[in-house]
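Student: Please read through the structure below; I'll follow up with questions.
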Amino acid sequence: MKRLLFFTFIAIMLALGSCSPFTLVNSETYNNADLASYKTFRIVYPDGENRLPDGMTMVTYYNIAAAIREQMVERGYVEDPTSPLLVNFAVTIHREIDTAPAYTMAPPPGPMGPMGPGFGPGPFNGFYPSFVYPRFYYWNPNAQVITGIYKEGVLTVDMVNLREKLPLFSASVATIIDNGQGQYRNLKSIAEAVQTLFSKYPVPIEPQYRNRK
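Here this note's numbering = 1-based position in the sequence shown + 29.
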């Protein structure tokens with residue numbers, strides 16, 4: 030009996046140890062997108078209008094980009110700087126002003142809302158997703174608001190047909206901020222978070238990569 034209890038305890042501890050600390054917040058495909066029909070992709074880069082979320086360094090950007098790249102390559106995509114499929118991402122950060130006006134048309138200059146500069150609705154409890162590529166260029170302002178993304182450190186990835194300014198897919202995972210330290214997690218942890226974020230992506234991992242997981 031003691032032996033049985035011992036092995037049961039070990040099994041429970043192993044199960045607990047294998048649980049991911051990251052939670053999938055949402056995962057949704059838009060506009061009936063056939064993501065398998067895209068063969069190439071490109072990852073947003075902070076250049077010109079594109080800028081890093083507040084508090085993020087280029088090291089963290091490269092860690093997130095590397096994790097996204099791995100997930101896309103394992104699904105058969107090829108990285109191409111001319112690809113129509115843009116992978117945009119955001120991290121939810123704190124904003125001191127907790128309200129901002131909502132706009133249903135092209136956003137005028139104004140406060141930073143969760144969709145981008147001057148584009149509401151405003152932050153929830155002072156937090157909003159800060160996208161590298163301004164989301165208002167392609168996002169429908171009447172789209173459902175996913176309240177789960179308004180938590181510090183939530184990573185959101187959007188897939189966008191950049192030529193048509195058409196959103197294809199969006200998913201979020203909580204959280205890539207170490208709550209104890211208030212800093213971004215390391216490459217290994219970010220890779221695990223991104224793996225969770227892609228867990229319901231409609232294009233499966235190719236067979237040759239499955240045994241590596």
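Yeah, the Cβ is synthetic: ideal placement off N, Cα and C, and Gly gets one too.
1) Classify Glu-103 as helix, strand or coil using the three-state DSSP reduction.
2) If Phe-118 sits next to Val-161, beta carbons under 8 Å apart, how far is it from one beta carbon to the other, in whole angstroms?
3) Going by C-alpha to C-alpha distance, which of Leu-114, Thr-121, Val-183 and Met-101 sits closest to Tyr-167?
4) For the putative contact between Glu-57 and Ser-199, defined by C-beta atoms under 8 Å, what is the C-beta separation to the nearest angstrom?
5) In three-state DSSP terms, what is Ser-218?
6) Comparing C-alpha positions only, which one of Arg-214, Thr-86, Tyr-67 and Ala-62 sits nearest to Thr-111?
7) Output the distance between the C-alpha atoms of Ala-129 and Asp-76, rounded to the nearest integer angstrom.
8) Which runs of the alpha helix (DSSP H), 4 residues or longer, sit entirely within the region 172-231?
9) Pick helix, strand or coil for Ile-234, following the three-state DSSP scheme.
10) With a cut-off of 8 Å on the beta carbons, I'd call Val-120 and Ile-205 a contact; round off their distance for me.
11) Measuring alpha carbon to alpha carbon, tell me which residue in Pro-233, Val-183, Leu-197 and Arg-80 is nearest Gln-212.
12) Can you tell me which of the three DSSP states Val-73 falls into?
13) Apart from the five residues just before and just after Trp-185, which ones in its own chain have a Cβ nearer than 6 Å to its Cβ?
14) Please work out which residues of its chain come closer than 8 Å, Cβ to Cβ, to Asn-15, disregarding the five sequence neighbours upstream and downstream, and give them in chain order.
15) Return helix, strand or coil for Asn-240, following the three-state DSSP convention.
16) From Ala-65, Lys-180 and Phe-165, pick the residue whose C-alpha is nearest to that of Leu-53; which is it?
17) Taking Cβ positions, are Ala-220 and Ala-96 nearer each other than 8 Å?
18) What is the DSSP secondary structure of Ser-112, reduced to helix, strand or coil?
19) Going by the beta-carbon positions, is the gap between Thr-225 and Phe-70 smaller than 8 Å?
20) Measure the alpha-carbon distance for Arg-124 versus Met-85 and round it to whole angstroms.
21) Assuming Phe-79 contacts Val-88 (C-beta within less than 8 Å), just tell me the rounded distance between them.
22) When we look at the beta-carbon of Pro-231 and count the other beta-carbons within 10 Å, is it buried (16 or more) or exposed?
Tutor: This is what the structure holds:
1) helix
2) 6 Å
3) Leu-114
4) 6 Å
5) helix
6) Tyr-67
7) Below a pLDDT of 50, predicted positions are generally treated as unreliable, and Ala-129, at 44, falls in that range; the measurement from the model is reported next regardless. Whole-angstrom Cα-Cα distance: 26 Å.
8) 216-226
9) coil
10) 7 Å
11) Val-183
12) coil
13) It is worth fixing the name first, because residue 185 is Thr in this sequence and not Trp. Around Thr-185: Ala-119, Pro-158, Ile-178 and Ser-201.
14) Here the chain comprises residues numbered 30 to 242, so residue 15 is not present and cannot be evaluated.
15) coil
16) Lys-180
17) yes
18) coil
19) no
20) 14 Å
21) Going by the sequence as given, residue 79 is Asn instead of Phe. Going by Cβ atoms, the distance from Asn-79 to Val-88 rounds to 17 Å, so no, they are not a contact pair.
22) exposed
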